[in-house]
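Visitor:
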Amino acid sequence: MSTLFPDPADEAESDLLTGLNDPQRAAVVHAGTPLLIVAGAGSGKTRVLTHRVAHLIRARGVRPSELLAITFTNKAAGEMKERVAELIGPQAKSMWVSTFHSACVRILRSEADRLGYTKSFSIYDSADSQRLMTMVCRELDLDPKRYPPRSFSNQVSNFKNELIDYEAAAAQATSHQEQTVAQAYALYQRRLRSANAMDFDDLIMLTVNLLQAFPEVLQSYRRRFGHILVDEYQDTNHAQYVLVRELVGPAVGPIPQAELCVVGDSDQSIYAFRGATIRNILQFEQDYPNATTIVLEQNYRSTQNILSAANAVISQNPNRPPKTLWSNAGAGAQIVGYVGDDEHDEARFVAEEIVELGRNEGIRPCDVAIFYRTNAASRVFEEVFIRSDMPYRVVGGVRFYERKEIRDALAYLRILANPQDEVSLRRILNVPKRGIGDKAQEAVETLSRRERITFWEALRRCDEAPGLATRARTQMQAFVELLDVLQILVESQTPPAEILEAVLDQTGYLSELRTSLDPQDETRIENLAELEAVAREFEETAASNDEPATLFEFLERVSLVADADSIPNGDDGGGVVTLMTLHTAKGLEFPVVFLTAMEDGVFPHIRSLDDPAELQEERRLAYVGLTRARQRLYLSRAVSRSTWGAPNYNLASRFLEEIPTELLDWRREAEVAHSDRWKAVPPRTPSVFAPAARRSSGQPVLDLAPGDRVTHDSFGLGTVVAVSGEGDRAQATVDFGSTGEKRLLLRYAPVQKL
DNA sequence: GAGTGGATAATTTTT
DNA sequence: TTATCCACTC
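Going by the UniProt record's numbering, the first sequence opens with residue 1, and the numbers climb by one from there.
1. Grouping DSSP H, G and I as helix and E and B as strand, with all else coil, what is THR18?
2. Compare the C-alpha of ARG427 against each of ARG47, PRO591 and SER129 and name the closest.
3. In or out: ILE406 buried (at least 16 other Cβ within 10 Å) or exposed?
4. Skipping 5 residues on each side, what residues in its chain have a beta carbon closer than 8 Å to that of ASP408?
5. Compute the Euclidean distance between the alpha carbons of ALA542 and TRP456, then round it to the nearest angstrom.
6. Which same chain residues, not among the five before or five after LEU20, have their C-beta less than 6 Å away from its C-beta?
7. Find the nearest neighbour of HIS55 within the set PRO90, LEU16, PRO660 and GLN477, judged by alpha-carbon distance.
8. Between HIS605 and the rest of its own chain, which residues show a CB-CB distance below 7 Å, the 5 nearest in sequence each way excluded?
9. Is ARG630 near PRO591, with beta carbons less than 8 Å apart?
10. Provide the residue(s) that pair with GLU599 in DSSP beta bridges, ordered along the chain.
11. Report yes if the CB atom of GLN487 is closer than 8 Å to the CB atom of LEU595, and no otherwise.
12. Less than 8 Å between the beta carbons of MET133 and PHE152, yes or no?
13. Taking the alpha-carbon positions, what's the ALA91 to PRO64 distance?
14. Does the pairing of the stretch 641 to 660 with the stretch 358 to 367 give three or more beta-carbon distances under 8 Å?
15. Closer than 8 Å is the cut-off here; do at least three beta carbon pairs connect the stretch 247 to 255 with the stretch 274 to 286?
16. So, under 8 Å CB-CB, HIS101 and LEU203 are touching, yes? Tell me the CB distance rounded to an integer number of Å.
17. Would DSSP call ARG667 helix, strand or coil?
18. Let's test the definition: count the other Cβ atoms within 10 Å of the Cβ of GLN234 and tell me whether it reaches 16, buried, or not, exposed.
19. Please find out if some non-hydrogen atom of the ligand NAP comes closer than 7 Å to the beta-carbon of GLY330.
20. With DSSP as the reference, label VAL490 as helix, strand or coil.
21. Relative to the C-alpha of THR71, which candidate in VAL53, ARG60, ILE57 and VAL97 has its C-alpha closest?
22. Round the Cβ separation of PRO496 and ALA549 to the nearest angstrom and send it over; I've been treating them as touching at under 8 Å.
23. Would you mind giving the Cβ-Cβ distance between ARG637 and GLN268, rounded to the nearest angstrom? I have them listed as a contact below 8 Å.
24. Determine the DSSP secondary structure at ASN319, reduced to helix, strand or coil.
25. Going by beta carbon distance, what residues of the same chain come within less than 6 Å of ALA347, once the five residues before and after it are set aside?
26. Which value, in whole angstroms, describes the spacing of the CA atoms of LEU140 and ARG473?
27. By a C-beta neighbour count over all protein chains shown, 10 Å radius and 16 as the cutoff for buried, is GLY587 buried or exposed?
28. If you reduce the DSSP assignment to three classes, tell me which class VAL624 lands in.
29. Relative to the C-alpha of SER492, which candidate in VAL156, ALA329, PHE552 and LEU49 has its C-alpha closest?
30. Give me the Cα-Cα distance between THR18 and HIS30, rounded to the nearest whole angstrom.
31. According to the Cβ coordinates, are ASP231 and VAL252 closer than 8 Å?
32. What's the C-alpha gap between ALA331 and VAL244?
33. Helix, strand or coil for GLU216? Go by DSSP, reduced to three states.
34. Have a look at ALA76 and LEU555 and give me their C-alpha separation to the nearest angstrom.
35. DSSP state of GLN179, grouped into three classes?
36. The beta strand (DSSP E) with GLY340 in it runs from where to where?
Okay, structure coming up:
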């Protein structure tokens, strides 16, 4: 193996390899044939990839522009670029490091016309595509009960991931249901085309189609990219696999096969639900017969106890290429277990433990992460953290870009960039209210169908629309005129933040929010301000990198960001505790990790219990979660957990039982099993954090006095102004600041004393 | 065409 | 428990 190593006299070279172990070095300097790096969690995958990129450029003389590195998130791409720049200097700027989707958008932008699109195409996320699918299903007169658009959307997405076009889908359909799906697929695709829009799956599929249909385009990319690197290869789907295969290609004339290097861990494949297939990594050696495989099993992240637990869990998965992680970081602390009475108790334990860790071991909030299976689980932690003044940040959940006002604002921007974008156009046609309701929209739609023109063109010619009320028509004309005026800003390359400002101002969107009485609208204004800040920041970063920052680029950026892209780095002061789902946690690491809600039915999720394949994916998810921890790992569950108001009693997660007992230190265990667990009653002694007295009579009513601080489930923080009445009729007048003063019946009001 | 209220459904996971 | 949809009224 030592022959793989470069001459130690080459100083630049040894510099690049500093700190790498033998297999890692081998992976970095390996030249020639396709290379598969099978790497366990925490084995320095990204580091190896980064060093390989630097090595290619500096030691092997590859020009940075000949490189295409594909990462899983934009954040990972940014970090790789940064680290490579540290190793080799500013020339790193000209290499292509991006996600699959960003790379495809870039290719599609420059070749869009070949596919019948214009460069300014819109990118539809899953919410947009579902909206469009709903429109399609309505057009096909499908009963939404029997044919839910959501399921159609998923099936179409699966087809695209498999590179099956609608004709092929129709050809292979046997049942009536399948034919209906194929029909919807065809219409959906037509509507996307006429809206000059692509959905997420199109980005990959159309790129593949493009490269396959136009050999000269493929050749130009193949000539350019002599090296292709793919991170997280286990999470690629079929379309992405084909894309890579096309770009690597066999040697053709003067163009050699590209040097391919992929990194992955089949144990960390957690995106099968979205089409990812482990096949790609398991069969790499068949796909590329001259491939070399290098296995990295040493883990540099976690203590041995944590790894042993992770190994024990993942080894329960059958048919897995055996791989055992090891560490020389020492055994480390035992894994701490905790069984809470309910989810509030569990969250309280987590919060208290974080405080303790800070006091005793100097752990800062930003060193701590809390993971859960579903986004909804973040709520109880937020409640407890707010009450105990613990700084935190939720990654994901109701995501920033999914908020109504943000989507509205972006819909306006998209319309300006691409007026054919029907989904966005219909979203904001009557927002803010312009008196253009369903009736009026129908009239325009009829016109558009009759004249075979797009919705936008029909809107322009709305005076021809049959049966359109005069008032609606005037409003529509005003709307078209407004967009025409705003369009001028786009044509003159006005920076996106300024366009956004003009949109919010001239459409009256902002003033409607300002005059609104709904307290939620205040937050909406703040969110829009935040969006403007995002736009400004985007302009600045682009300017410092000498990249264009027009509206198109901004929209593209906004469409393709992932949640993981916004995770704080935490170098500012103590930072904040990070809360996220297990999926979002992939690729990250934290000194302290809390894995919560370890209950059968929650994690593994109830919908995976009867399918062995899905259960295995849940187990890999557990493996991902466990291996995020560097030093300390906490596993917790709750005896009772309330979903939709009703308490559920869940058994311990099977994953907990797969961990050898000697690795675990149970701080608090479940009481001895009840003779009949289904009759188990909620804990008698409500913790301080349990909700205050509710409808159940006999419970003491909250004892409040003027001056007390309280929180209300919907009004937030408030101060008690006055109290009156006794027992069931006790009332309090509470000042909730901007929401105003409210009189509350304490027996029923969802308030807690602070 | 817009606002109200009651019934009803919903929670996997996301580039 | 909350969010969304639909029917009904103004």
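Backbone N, C-alpha and C fix where the C-beta goes; we use that ideal spot for every residue, glycine too.
Guide: Let's see:
1. THR18 falls in the coil class under three-state DSSP.
2. Checked all of ARG47, PRO591 and SER129; the closest Cα to ARG427 is SER129.
3. It counts as buried.
4. Contacts found: ARG427, ILE428, VAL431 and TYR509.
5. Taking the straight line from one Cα to the other gives about 32 Å.
6. Non-local beta-carbon contacts of LEU20 in its own chain, meaning distances under 6 Å to residues more than five positions away in sequence, are absent.
7. Measuring from the Cα of HIS55, the nearest candidate turns out to be LEU16.
8. Excluding residues within five positions, the ones whose Cβ falls inside 7 Å are ARG373 and GLU618.
9. Contact: yes.
10. Answer is ALA652.
11. No, these two residues do not count as a Cβ contact at 8 Å.
12. Result yes, Cβ atoms of MET133 and PHE152 sit closer than 8 Å.
13. Before going on, a small fix: residue 91 reads as Gln here, not Ala. Straight-line measurement puts the Cα of PRO64 at about 7 Å from the Cα of GLN91.
14. Pairwise C-beta distances place the stretch 641 to 660 out of contact with the stretch 358 to 367, as fewer than three of them are shorter than 8 Å.
15. With a cut-off of 8 Å, the stretch 274 to 286 and the stretch 247 to 255 do not count as touching, because too few Cβ pairs lie within range.
16. About 5 Å; that satisfies the 8 Å criterion.
17. In the structure shown, ARG667 sits in a strand (DSSP, three-state: E or B).
18. Burial check for GLN234: the Cβ neighbour count within 10 Å reaches 16 or more, so the residue is buried.
19. This structure lacks the ligand NAP, and indeed carries no ligand of any kind.
20. The answer is helix: DSSP assigns VAL490 an H, G or I state.
21. For the residues VAL53, ARG60, ILE57 and VAL97, the minimum Cα distance to THR71 belongs to VAL97.
22. Right, the Cβ-Cβ distance comes to about 7 Å (below 8 Å), so this counts as a contact.
23. With a beta-carbon spacing of about 23 Å, ARG637 and GLN268 fall beyond the 8 Å limit used to define contacts.
24. In the three-state reduction of the DSSP assignment, ASN319 falls in the coil class.
25. If we look at ALA347 and ignore the five residues flanking it on each side, its Cβ neighbours are VAL380, PHE381 and VAL384.
26. Distance between the alpha carbons of LEU140 and ARG473 is about 28 Å.
27. Classified as buried, GLY587 has 16 or more neighbouring CB atoms from the shown chains inside 10 Å of its CB.
28. Looking at VAL624 - three-state DSSP - the assignment turns out to be helix.
29. The shortest C-alpha to C-alpha distance from SER492 to any of VAL156, ALA329, PHE552 and LEU49 is the one to PHE552.
30. Spanning the two alpha carbons is a distance of roughly 16 Å.
31. Going by beta carbons, ASP231 and VAL252 fall outside the 8 Å limit.
32. Rounded to whole angstroms, ALA331 to VAL244 spans 41 Å at the Cα level.
33. In this structure, GLU216 counts as helix in the three-state DSSP scheme.
34. Going from the Cα of ALA76 to the Cα of LEU555 covers about 20 Å.
35. DSSP, reduced to helix, strand and coil, places GLN179 within a helical segment of the structure shown.
36. For GLY340, the uninterrupted beta strand (DSSP E) run begins and ends at 335 to 342, by DSSP.
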